[in-house]
Each structure stands twice: as C-alpha cells, then as structure tokens.
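Per numbering that gives the first Met the number 0: the sequence shown = residues 0 to 165. These notes are about the structure you will find just below.
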Amino acid sequence: MSDLSTDVQLNPDDTRQAELATAIVSEIIAGSGLEAEVSYTQRDREILIDVTGDDLGFAIGRRAQTLDAIQLLAYLISTKIVDPEERRRVSVDIDEYRAAREEELFDLADRAVRDAISLGQSVEMKPMTSNERRAVHHYLIDNADVETHSVGEDPDRRIVVTPAGS
Numbered sequence: 000m001s002d003l004s005t006d007v008q009l010n011p012d013d014t015r016q017a018e019l020a021t022a023i024v025s026e027i028i029a030g031s032g033l034e035a036e037v038s039y040t041q042r043d044r045e046i047l048i049d050v051t052g053d054d055l056g057f058a059i060g061r062r063a064q065t066l067d068a069i070q071l072l073a074y075l076i077s078t079k080i081v082d083p084e085e086r087r088r089v090s091v092d093i094d095e096y097r098a099a100r101e102e103e104l105f106d107l108a109d110r111a112v113r114d115a116i117s118l119g120q121s122v123e124m125k126p127m128t129s130n131e132r133r134a135v136h137h138y139l140i141d142n143a144d145v146e147t148h149s150v151g152e153d154p155d156r157r158i159v160v161t162p163a164g165s
C-alpha cells in the first residue's frame with residue numbers, strides 16, 4: 000500500500016474555470032433577453048454562481064429544469080480549460096431559488112426521518128431532481144438514526160428514508 004494521498008489540493012488562486020463558467024451563465028441569461036447580475040465565489044472543490052435580478056422565473060423554469068440545464072452547460076464547457084483533477088463542481092443559483100428550495104427539502108427530510116423512526120419503517124419522499132436528491136442525501140448523511148437510498152427512474156426518482164439497521 001502507498002502512503003501517498005490521493006486527495007488533490009486545488010490552487011485557490013486558479014479562477015479560470017470559475018470565470019469561464021460565470022461568463023457562460025451571463026451569456027445565456029443575456030441571450031434570453033433577461034437582465035441580471037452574475038457573480039461567483041469559489042470554495043474548495045465548488046464554484047457557486049449567483050444570479051440576481053428581476054423577473055428571472057423564466058431562467059429557473061418548471062421544476063428548475065432550465066436552471067439545471069444552465070448549470071450543466073456552465074460545468075461542461077468550463078471544465079474543458081482545466082485538467083481533470085482540477086475540476087470544480089459548478090452550482091448556479093438564481094434569486095436564491097436553490098437556497099429556498101433546499102430549506103423546503105430539508106424540512107421534508109426532517110419530517111421523513113421523524114416518520115421513519117416513529118413508524119419503524121421506510122418512508123418514500125416525493126420525486127426530486129438529481130440535484131435535489133443529492134442535497135437531501137448529503138443533508139442526512141451524518142444522521143445515524145436513518146439510512147437513505149434512491150429508487151425509481153427519472154423523472155419519478157425519489158429518496159427512501161429507512162430507520163438505521165432495518
């Protein structure tokens with residue numbers, strides 16, 4: 000076995016991917032005829048792009064599908080200019096939609112945990128997008144009382160919360 004660490008340390012001063020991803024988001028928003036301010040912050044392995052403005056619901060779309068597509072495009076294009084081990088995850092939020100939605104999801108997750116524990120059986124949550132499922136799994140990962148997994152096929156894929164050890 001090797002003593003070498005496989006955890007790649009990213010250069011915090013390398014903003015190439017963040018700047019390109021932000022420019023892509025800005026161009027998409029402007030190309031849609033919308034006016035907005037687009038900024039980014041970078042932490043560890045993630046680039047957080049914030050879009051603020053008036054009447055940006057069109058850029059969010061139904062069930063955040065447009066927002067997810069913008070985020071995916073920004074990630075896919077921006078990763079082309081950095082080495083694979085230097086890639087950062089790109090997260091785009093429009094008018095704090097994701098932050099508000101995460102708060103809702105975490106409340107639903109807390110309710111599912113309470114129900115799973117009190118009933119002593121698995122509880123299925125409503126279907127969610129892959130980004131929403133990832134957020135809920137991450138939110139519950141340190142909860143020793145329950146385990147989570149996903150079932151079903153998109154767009155009906157959902158999280159199942161099960162009491163630990165069941």
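From the three backbone atoms N, C-alpha and C, an ideal C-beta is built for every residue, glycine too.
Tell me, to the nearest whole angstrom, how far the beta carbon of residue 158 is from that of residue 136; I am working on the premise that it is less than 8 Å.
-> With 8 Å as the limit, residue 158 and residue 136 qualify as a contact, their Cβ atoms being about 7 Å apart.
Residues near residue 47 in its chain [Cβ-Cβ closer than 6 Å; skip 5 each side] | Excluding positions up to five away in sequence, the list reads 40 and 90.
Give a yes or no on whether the C-beta atoms belonging to residue 52 and residue 66 are separated by under 9 Å.
-> Pairing residue 52 with residue 66 gives a Cβ-Cβ distance that is not under 9 Å.
Residue range of the alpha helix (DSSP H) that includes residue 28 = Residue 28 -> alpha helix (DSSP H) spans 15-30.
Kindly identify the DSSP beta-bridge partner or partners of residue 162.
-> In DSSP, residue 162 forms a bridge with 145.
Simplified DSSP state of residue 90, which is helix, strand or coil | In the structure shown, residue 90 adopts extended strand secondary structure according to DSSP, grouped into three states.
What is the C-beta distance between residue 143 and residue 163, in whole angstroms, given that I count them as a contact (C-beta under 8 Å)?
-> 6 Å between Cβ atoms; contact.
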